[in-house]
Structures are given as C-alpha cells and as structure tokens.
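Take a look at the structure set out below.
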Amino acid sequence: MAPTGVNQLSHPCIYERKSRFMKWLSKLFRSGPSRGNAAGSNRHPQLIGDENMIWRAPPRSLDDPSRAQKEKEELDHAIALSLAEDLKRPSGRFLAEDLKRPSGYRWQAEKDEELARSLQDSSNPPLYPPYAPAPAPYYPYGQTRRICGGCKQEIRFGSYLGCMGTYFHPQCFCCRSCGRPIVENEFSLSGRDPYHKSCFKELAHPKCEVCHQFIPTNRAGLIEYRCHPFWSQKYCPSHEHDNTARCCSCERLESWDARYVSLGDGRSLCFECMESAIMDTGDCQPLYHAIRDYYEGMNMRLDQQIPMLLVERHALNEAIVGEKSGLHHMPETRGLCLSEEQTVTSILKRPTFGRHQLVGIKTQPQKLTRKCEVTAILVLYGLPRLLTGAILAHELMHGWLRLKGYRNLNPEVEEGICQVLSYMWLESEVMPGFKNMPSSSTSTSAASSSSSSSSSKKGGKSKVEHKLGEFFMHQIANDSSPAYGGGFRAANAAVNKYGLRRTLDHIHLTGNFPL
C-alpha cells in the first residue's frame, strides 16, 4: 500500500486541494443565475475542473447577450488577477510558498486557465465564422487574368473552357465551319481552328461525285479514290466495275442524280456533250467543209471530193474489218479513212430524244466505189461538234497523205502527223487568236478565220463547249499509246522546230521526222 500513499502525496492538487483560480471559478458558477435550479434539476452531472468536484452545468440562453457578456467580463477579470499575482514575483526568484508547493502545481494552474478559456469559448460561440481571406486565383500560362480567346473579354465568373493554350467562354468556343458552339467532348482541329467532327468531315473528307457518299477507307485505313486527270472528278474505285455509265465523249462517270442519254449502241452521252452533238450526215456537212477550208488555208488543198458519212458504231466496226490497211486506235475507233470499196450504212435522219435514250433513228446503206486513193471518210455519230471536227481533221490528213503520194509510212510517223493537224484545228477553235506555227502564220490565221466562221454563224461556242475543246486537246497531248501519243509528241516537236511544211517535206523524202 506504500506506493499508493506516494502517489497521493505527489499529486496533492488533484486529490487534496484546488488552486485559487479554480476555487474562484467554482464560486463563480455556484453564484450564477441558475443556482436556484441546481437542487431540483434531474439533468445528468458534468465533470469540470478537478476530479473531486461535481456540479451541474448552468444552462445557457443564446438570446440573452447581456448575461453572456457579463460572464465573459468576470472570467477575463479572474484571469487578469491570476496573471497579476504571477507578475508581482521577482524575476528569477521563488517565494517561500512556491517552494512548499509540489513541482506539478504550476503546470496544473496553467492547465486550469486553459480549461477555463476553452469552457468560456464553448459557452459563447461566435455568431459568424472567423473570416479567412480567399487565396489568390491561379492563372496558368503566365497570364494575370483569364481572357476569352473568342470574344477577347475577361472571364470573371461562371464556367469556362481551357484548351489550345487559352480560355474560352462556353458559348465562345465555336466551330469554324458552322459557327455554332462546340459542346461535344471531342472536336477536330485544323491549324488553330476548331471544328465539330461532323463539320470537319464534311469539309475535309472527300465525297464521291457519283454516289455523293463519303469515300470509304481501304483495308489499310486510307482514303482511296479515283480522280479524272482533267475534270478532277473524284469517285469510289468500285464505280469502275459496277456498270456505272461513262460518257463516250468526255469520259466522265454518270452521277446518280443526273441520267445520261443512251445512244442505243452501248454508248452513253452526258447532257453537256449532248448540247452540241452531231447526229446525222446532213448536220455534219457544214463542219466537214469548214475543215476542208482550214486545210486549204494551210496550203494543203484536197483536190478530190471525198465523201463523208456519219455512221453507227457497228457499221464503223464492220468497215474496219473490211479495210486491208491502216492502224486503228483501239479499243474505241471513232473515225476511218476508207480506201476499199464497201457498202456502208449511214445515218440519214437524226433520232429524237425520249426517256433518256434516242429513238427513231433512220439509216440508209450506201455503196462506196473507189475513184482515187481514198474511198470515203467515216465518223461515229452522236459526238460533240469539236470532237467530231477533230476526228475529221485527223482522217482528212490521212487522205491528204495518200493523195500526195506518202507511201508506207511508219505508224508513229503517219498517226503522229495526223494528230498534229487535229490538235492544230482544235487550237484554232478554242483559241482563235493563237498562231499555231511560226513558219506559216499567214496561212494559219486564214485557216483559223475560215474554220471558226461556222461557229460564229451559230452565235459562237459556249463555255461548256470551250471546256470540251480543251479536254480533247488534253487527250491528244497525253495519249499513252506509242503511235498516237508518242507519235504526236515527236511530230509536234519537229513542227515546232522546223515548221509544218519543212517537216512534211522531210517525211516525204526520208519517212521520218527531222531531228
């Protein structure tokens, strides 16, 4: 039991005595306005201060500010008296009463003061929470304030977007294409311009000009399409094998929203080419005579009268089979300089247009007899005026060479020089003021004026026909065949260097182009 007595002596402030401050505090609470209710109250007791002191906590009224203020002033006065007694003691010295007190007495007194302060704070809670200054806003990217990248105004409150290194009001982050706000989680970016994904697809993803759908990707995830080298018509690769109609003149594929005209022999014609198409032999005669005048203007007059017939596709193919000599541009032959006697069926009356096809075509067989080296010139019907004229110019050059005694020429030489005359005639029609050859400027200008007279009588060529003429010239210049394409480029280089007359003379003597 000895250790128990030692413990009791070492902590006398807890079990045997109270500090002066706590005695006063006890007296303060006992003398409070609620002491009359202490005896009769049934509330549970609370432990305050020393462990051997038990009393009931006085009730507080939040709506009695004068009473709370009075208690606070009494508590502050008690704390001030306690601190004043401590200050009266000399510095660095202890009073005799302090030496008699145990070592834990000052610690217990300080603890009593802290407990009294906490009790006073809990009994008088502040009406408002303590004010804490808000932290300064954080602005990234070195900015001192948020400026909207759309309206250039400061973003003061509300939600905002942060992207592309700047900020936006939600209503200011708009699509570059449609101008509406971008509210989706994902968007497309081109340079510094944002787009809706759908708008960017409409803008950048190529569409097929045949089916008007987005061109699909291939197995590698790449957008693969076909594009015409002249017209720049983009289309899905599948349309080359799904029987989509192609114009036999300009080579453009038929769009699903614009039907082509069927010529009844497997060929189709677009409406632009249909505007100037020549349908029968009678319609073609003015053009034929205009091209003969062009040759005469080039000092290349044709003395013999060579018949010219417009024929159907199967009639032209039959004539090719009966012809013993000559090179034909496969897979599609559009004209023929006939040198054998044959019976050929020609178009006598132009057909009428009905329900996307030509009907009522009237033909007539015609016996062709040979009176000279050239029997007749045959041209496929239903082609635009400029293409029909280019074919006539080409075939007339074949006739001129045969009539002038140019024998056994290499195909590249004969077809090449014929393509040059075809190209020159197209050039005079498309660019009337252009002088074809430096060595024959006078004759060229005369031929140009005579050949364009027929078109001027009809009111001139439209922009569509002008564009078709440029395309036919493009076809001749970029032909990939050795005889027609390679021959044209070699012949054109010789004519540009030496002139047409000197080139023809050299061909007559050597059978080749001058180098």
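Just so we're aligned: 165 in the UniProt record's numbering is position 165 of the sequence shown, and the numbers increase by one with no gaps anywhere.
Even for Gly, the Cβ is constructed at its ideal location relative to N, Cα and C.
Quantities reported herein were computed from a predicted structural model and do not represent experimental measurements.
For A376 and G221, the rounded distance between their alpha carbons: 56 angstroms
Rounded distance between the beta-carbons of H196 and C175, thought under 8 angstroms: 5 angstroms
Simplified DSSP state of D293, which is helix, strand or coil: helix
Start and end residues, beta strand (DSSP E) containing K362: K362 to L368
Check whether residue 528 and L336 have beta carbons under 8 angstroms apart: With the chain covering 1 to 515 only, the question about residue 528 has no answer from this structure.
Burial state of C236 (16 or more Cβ within 10 Å): buried
V374, DSSP secondary structure in three states: coil
Nearest to S268 (by Cα), restricted to the options L368, R145 and R246: R246
Residues that I147 bridges to, as DSSP identifies them: E154
For P365 and T343, believed in contact at Cβ under 8 angstroms, the rounded distance: 6 angstroms
Q285 burial status per 10 Å Cβ neighbour count (16 or more: buried): exposed
Paired residues, beta bridge with I223 - DSSP: T217
CB contact flag (F472, L392, <8 angstroms): no
Through-space distance from F168 to residue 552, alpha-carbon basis: Given a span of 1 to 515 for the chain in the structure shown, any question on residue 552 remains unanswerable.
Segment contact, 8 angstroms Cβ cut-off, at least three pairs: the stretch 366 to 375 with the stretch 460 to 480: no
Selected residue, minimal CA-CA separation from G165, among V183, C178, R180 and D193: D193
Length of the line joining the Cα atoms of T217 and Y225: 9 angstroms
Buried versus exposed call for N492 [16 or more other C-beta atoms within 10 Å across all chains shown]: buried
K349: first and last residue of the uninterrupted beta strand (DSSP E) it sits in: Q342 to K349
Residues of its chain near R301, where Cβ-Cβ distance is below 8 angstroms and the 5 sequence neighbours each way are ignored: Y295
C-beta contact flag for E323 and L338 at 8 angstroms: yes
With 16 other Cβ atoms within 10 Å as the buried cut-off, status of F271: exposed
In DSSP terms, what G354 is bridged to: Q357
Cβ-based neighbour list, P438, same chain, cut-off 6 angstroms, excluding 5 preceding and 5 following: In this predicted model, P438 has a pLDDT of only 37, less than 50, meaning its place in the structure is not dependable; the value taken from the coordinates is given anyway. Hits under 6 angstroms: none found.
Sub-8 angstroms separation of C248 and L468 beta-carbons: no
Status (buried if at least 16 other CB within 10 Å, exposed otherwise) for Q213: exposed
Backbone CA spacing between S159 and L75 [nearest angstrom]: 50 angstroms
C247 - partner residues in DSSP beta bridges: S268
Pair within 8 angstroms by beta-carbon distance, R334 and V379: yes
Top-ranked residue by Cα proximity to G389, from L421, S255, L500 and L358: L421
Rounded straight-line distance, which links the Cα of E251 to that of H239: 13 angstroms
Supposed close pair D283, R350 - CB separation, criterion 8 angstroms: 6 angstroms
CA-to-CA distance, E465 to H474, given in whole angstroms: 14 angstroms
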